[in-house]
Amino acid sequence: MKQLRQRAIRDLVEQRVLRTQQELAGALRERGYRTTQATISRDVAELGLVKQNRDGTAAYALPPRLIEAESSGEDRLRALLKDLPVDFRESGLLLVIRTLPGSAHAIAAALDRARWPEVAGSVAGDDTVFVAFPDRGA
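So the mapping is simple: our numbering equals the position in the sequence shown, first residue as 1, plus 585.
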């Protein structure tokens, strides 16, 4: 069921301008899928959906490079950083990444999948990712 639902989500965001998870839920209901907001949120993150300018509005999309990229975290991260506007700021042992609303989780998930030893972990909000680095003195 999950794979079918996620395939439907991919199809929907390629065919329609869907600006919110609520709009996505409505489109899924039209196709016969009943799901919760939490499930949609997880699906959005797992699929790596990002917000891009579509028809003059920020809407969910699968970046072309992300679709073509291999499934490794490093490849996904490279594709996302090429497709999304990002701003980087360093603060102590943290790197702060700012991007489009709705896109931060995809970046954090790709970072986590890359499993770089230089990264202790990441936390994503809507448009901001905090990347923590291990204590340099340890």
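Just so you know, even glycine gets a beta-carbon here, dropped at the ideal spot from N, CA and C.
Alpha-carbon spacing of V714 relative to L685, whole angstroms:
For the purposes of this step, residue 714 is taken as residue 129 along the sequence shown, with counting starting at 1. For the purposes of this step, residue 685 is taken as residue 100 along the sequence shown, with counting starting at 1. The alpha-carbon atoms of V714 and L685 are separated by roughly 11 Å.
Have a look at G658 and A695 and give me their C-alpha separation to the nearest angstrom.
Translated into positions along the sequence shown, residue 658 becomes position 73. Translated into positions along the sequence shown, residue 695 becomes position 110. Cα to Cα, G658 sits roughly 4 Å from A695.
With C-beta atoms as the reference, is A610 less than 8 Å away from T620?
Taking the first residue of the sequence shown as 1, we reach residue 610 at position 25. Taking the first residue of the sequence shown as 1, we reach residue 620 at position 35. Taking 8 Å as the Cβ cut-off, A610 and T620 qualify as a contacting pair.
Who does S676 pair with in a DSSP beta bridge?
Here residue 676 refers to the residue found at position 91 when the sequence shown is read from its first residue. According to DSSP, S676 bridges with L679.
Which residue wins for smallest C-alpha separation from R683, given the options Q600, Q588, G710, E599?
By 1-based counting over the sequence shown, the position of residue 683 is 98. Among Q600, Q588, G710, E599, the Cα nearest to that of R683 belongs to G710.
What does a CB cutoff of less than 6 Å around A644 pick up in its chain, not counting 5 residues either side in sequence?
In the sequence shown, the residue the question calls residue 644 occupies position 59. The residues are V602, L603, R604.
I need the boundaries of the alpha helix (DSSP H) containing P626, first residue and last residue.
Residue mapping note: residue 626 aligns to position 41 of the sequence shown, counting from 1. Sequence inspection shows Ser at residue 626; the Pro mentioned does not correspond to that position. 622-632 is the extent of the alpha helix (DSSP H) around S626.
Assuming G611 is part of the beta strand (DSSP E), what are its boundary residues?
Here the question's residue 611 lines up with position 26 in the sequence shown. Run containing G611: none in the beta strand (DSSP E); it sits in the alpha helix (DSSP H), 606-615.
Identity of the residue in A612, K636, L678, I692 nearest F718 by Cα:
Along the sequence shown, one-based indexing puts residue 718 at 133. With distances taken between Cα atoms, F718 lies closest to L678.
Extent of the continuous alpha helix (DSSP H) to which G658 belongs
Here residue 658 is taken as the residue at index 73 of the sequence shown, counted from 1. Per DSSP, G658 belongs to the alpha helix (DSSP H) from 658-668.
Quick check on DSSP: helix, strand or coil for A654?
As a position in the sequence shown, residue 654 is number 69, starting the count at 1. Because the pLDDT of A654 is 48, which lies under 50, any placement of that residue in the model is unreliable, and the number read from its coordinates should be weighed accordingly. Coil.
Measuring CB to CB, does L632 end up less than 8 Å from Q591?
In the sequence shown, residue 632 corresponds to position 47, counting from 1. In the sequence shown, residue 591 corresponds to position 6, counting from 1. Yes, they are a contact pair.
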